[in-house]
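K.L.:
Please read through the structure below; I'll follow up with questions.
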Amino acid sequence: MRFEGARTHIYRTGTGEFALLLGGCTEEAASSVAQQILNKFSGVWEFHTMRMPISVQVWMTKVPEQMKTQEQLEIFVGAEYNDRLPKDRIYLADELREEERRISVEMAVRRALENRSLEVYYQPIYDTKCGKIHSAEALVRLKDEELGRVSPEEFIPVAEQTGMIAQIGDFVFTEVCRFLSSGAPQHAGLQFVEVNLSAVQCMDTQLPERLFSIAEGYGVSPSEINLEITESAMVYSINTMRSVMEELTKDGFSFALDDFGTGRANLSYIQNFPFRIIKVDKSFLWAEGESEDNHVIFENMLSLIRGLRREAVAEGVETKEQRDMLISHGVEYLQGFYYSKPVPEQGFMKYLEEFCLSEG
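For the sequence shown, counting from 1, position 285 maps to 285 in this note's numbering; every step adds exactly one.
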């Protein structure tokens, strides 16, 4: 094949991978070259008596408009997701914006882990029986120099896909232990902090020993930490997860099932796993007042939790009306913006102190 142009360069970047740099050409001309490559290399090639099926992907991006650094370009052309996409087609830059964003978020997470710049925020959980802040959920936050604030809904899935979620989990757990080691949260009435565990962590048979060691190193009792697992995580290896949870329970940790009602876990999981607390997903609370059917579903969920002798947390409480309704239904714990959004450590301690004063 021949490519016209004085600023055309071809590089071999890996096994079966090549980079073609076209300088000073239009997007239309670049698309024409990409189509030539696709036509030439797709299909069956014959070599002596052998017939070899060949497939090819052609990726197009503008430099430096869309790839500003060599690092970005190297990750882009060598990204793992290339193998998962259909072959024998051209991928244009506009189609790859989501993947470009994913790459940027992945790099931001890696930087944050290397620099230990992730932040842990705390959202209070209100005890309806005694009228006090009973506990708090620890939530990880990411602020990057290049991307600014990145929402957990965006960077957590990327961390799960790339295997970094376990590192994030260990970071959050360590930060929570450091926070509790001062004794100030407990002095302000906090009984425990909830720490999220990912499905990846729950499959790690070394997790109990590692978490207990971290807590012990900070002089924190496992009873001061409640480990939270999302319902969607319950579809993985059940035997391994049960073994890990039982070992952690023996060490003194307790468990909460998060986002109840949204995943694929069946009711036997609640019965057969050591969950002390069931957190009802906020979507059920928000839909409760929309129809009689939704109201019945919500009431039955609460009845089920009580029938299984578990404690209920209602997530997503945002209004006084929601609070009053939940209290009238005997829900033990409430969490949501009505009480406080997630706040940094210092802000959370200030909130606890002010709440104690207002109650006093």
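Yeah, the Cβ is synthetic: ideal placement off N, Cα and C, and Gly gets one too.
Pull up the distance between the alpha-carbon of Gln186 and that of Phe179, whole angstroms please.
P.N.:
C-alpha separation (whole angstroms): 10 Å.
K.L.:
Between which two residues does the beta strand (DSSP E) holding Asp259 run?
P.N.:
Ser254 to Phe260 is the span of the beta strand (DSSP E), which, as asked, contains Asp259.
K.L.:
Run through DSSP, which three-state label would Arg116 get?
P.N.:
Three-state DSSP puts Arg116 in coil, outside helix and strand.
K.L.:
Here's a check: name, in chain order, each residue in its chain whose Cβ is nearer than 6 Å to the Cβ of Pro53, leaving out the five neighbours to either side.
P.N.:
Val44
K.L.:
Report yes if the CB atom of Ser340 is closer than 7 Å to the CB atom of Pro124, and no otherwise.
P.N.:
It is a contact, given that the beta carbons lie within the stated cut-off.
K.L.:
Any idea which residues DSSP pairs Trp286 with across the strands?
P.N.:
Beta-bridge analysis with DSSP links Trp286 to no other residue.
K.L.:
Give the secondary structure of Thr69 by DSSP, where H, G and I count as helix, E and B as strand, and everything else as coil.
P.N.:
coil
K.L.:
Considering Cα atoms alone, identify which of Gln322, Lys250, Gly316 and Gln346 is closest to Phe260.
P.N.:
Gly316
K.L.:
Determine the burial state of Gly360: buried for a count of at least 16 other Cβ atoms within 10 Å of its Cβ, exposed for fewer.
P.N.:
Note that Gly360 scores a pLDDT of 48, beneath 50, so its modelled location is shaky; the value from the coordinates is reported in the next line. Per the 10 Å Cβ criterion, exposed.
K.L.:
Going by the beta-carbon positions, is the gap between Val63 and Ser42 smaller than 7 Å?
P.N.:
no
K.L.:
Here's a check: name, in chain order, each residue in its chain whose Cβ is nearer than 7 Å to the Cβ of Ala138, leaving out the five neighbours to either side.
P.N.:
Val120, Tyr122, Val172, Val176, Val193, Glu194 and Val195
K.L.:
Do you know offhand how far Leu267's Cα is from Val331's?
P.N.:
Going by the C-alpha atoms only, they are around 20 Å apart.
K.L.:
Lys350: which of Leu113, Arg141, Thr240 and Ala184 sits nearest, CA to CA?
P.N.:
Ala184
K.L.:
To the nearest angstrom, how far is it from the Cα of Ala30 to the Cα of Trp59?
P.N.:
11 Å
K.L.:
Give me the Cβ distance between Val244 and Cys202, rounded to the nearest whole Å; I'm assuming they're in contact under 8 Å.
P.N.:
6 Å
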